[in-house]
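Visitor: Residue numbers (the UniProt record's numbering): 1 to 263. Beta carbons are placed, not taken as given, at the ideal position from N, Cα and C, and that holds for glycine.
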């Protein structure tokens, strides 16, 4: 062990870890489940409702800056995701996809705002909950359009010989009903968890080194670390938006495969 690191171990520095993603009650006397991630999810949902309600009021032929931004996001989801993937049936699913993209984006960006400093979906339970909702949407869409024939269309691909069905049916069941929601959730969770942990390491560790007494080397390293953390914060803004886009695109793609005539 390097003797030069020994003072750090006794200096009150605790490296960020998994425990930083665990939260107790949001306030004294609150139940255990009423914690920070839940409050953020509720705030995020309210913000989605309020922002789109505000954006749809008093629309003008010559849009204001706020209206222009809202229309850009709306057209991005409508044209770039819903219509491109779902084609003529996109209008039925556009409200959900727009709300989904907005909700994931806001909750991902909570990790870069100082009042929150925690991306909601770095808590895996919320990622699974949202993936389950998308699962209900695309499975429900399939059953609504094809009835119980949806099961046959999902589990038995066209042109498969009968003697391969005992192998193909379980694989298709796992792919359609089990693997999709799990990977959808884990992709979002893993990116948000890892990004927030990296930011925490640079900010907390850099702040500790920056204020360390009588060691100019530690101070310089800490200053570089804190400065670099701002670059990572901007990168996380991009990653948060990218993950919102990916989650929405995959949801639309799953809906498309559920309601597609040709399977």
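1. Might you give, ordered along the chain, the residues of its own chain that have their beta carbon closer than 7 Å to the beta carbon of residue 63, omitting 5 neighbours on each side?
2. Exposed or buried, what is residue 81 when buried is set at 16 or more other beta-carbons lying within 10 Å of its beta-carbon?
3. Determine the contact status of residue 19 and residue 200, defining contact as a CB-CB distance below 8 Å.
4. Applying the criterion that 16 or more other CB atoms from any shown protein chain within 10 Å of the CB defines a buried residue, is residue 281 buried or exposed?
5. How close, in whole Å, do the beta carbons of residue 26 and residue 36 come, if the pair is a contact with beta carbons under 8 Å?
6. Does residue 138 come out as helix, strand or coil in the three-state DSSP assignment?
7. Just the C-alpha distance for residue 132 and residue 181, rounded to the nearest angstrom, thanks.
8. State yes or no: is the C-beta of residue 247 within less than 8 Å of the C-beta of residue 188?
9. Does DSSP classify residue 249 as helix, strand or coil?
10. Can you give, in chain order, each stretch of the alpha helix (DSSP H) that sits fully within the segment 26-66 and has at least 4 residues?
11. Do residue 148 and residue 142 count as a contact pair if the criterion is CB distance below 8 Å?
12. As an exercise, report each continuous alpha helix (DSSP H) stretch of at least 4 residues that is fully enclosed by the segment 120-176, in chain order.
13. Could you say which of 86, 85, 98 and 14 lies nearest to residue 45 if we only look at CA atoms?
14. Would you kindly work out how many angstroms separate the C-alpha atoms of residue 115 and residue 235, rounded to a whole number?
15. Inspect the beta-carbon positions of residue 48 and residue 103 and report whether they are closer than 8 Å.
Guide: Straight from the coordinates:
1. 71
2. buried
3. no
4. Here the chain has residues from 1 to 263 only, and residue 281 is not among them.
5. 6 Å
6. helix
7. 6 Å
8. yes
9. helix
10. 36-55
11. no
12. 124-146, 149-155 and 165-173
13. 98
14. 19 Å
15. yes
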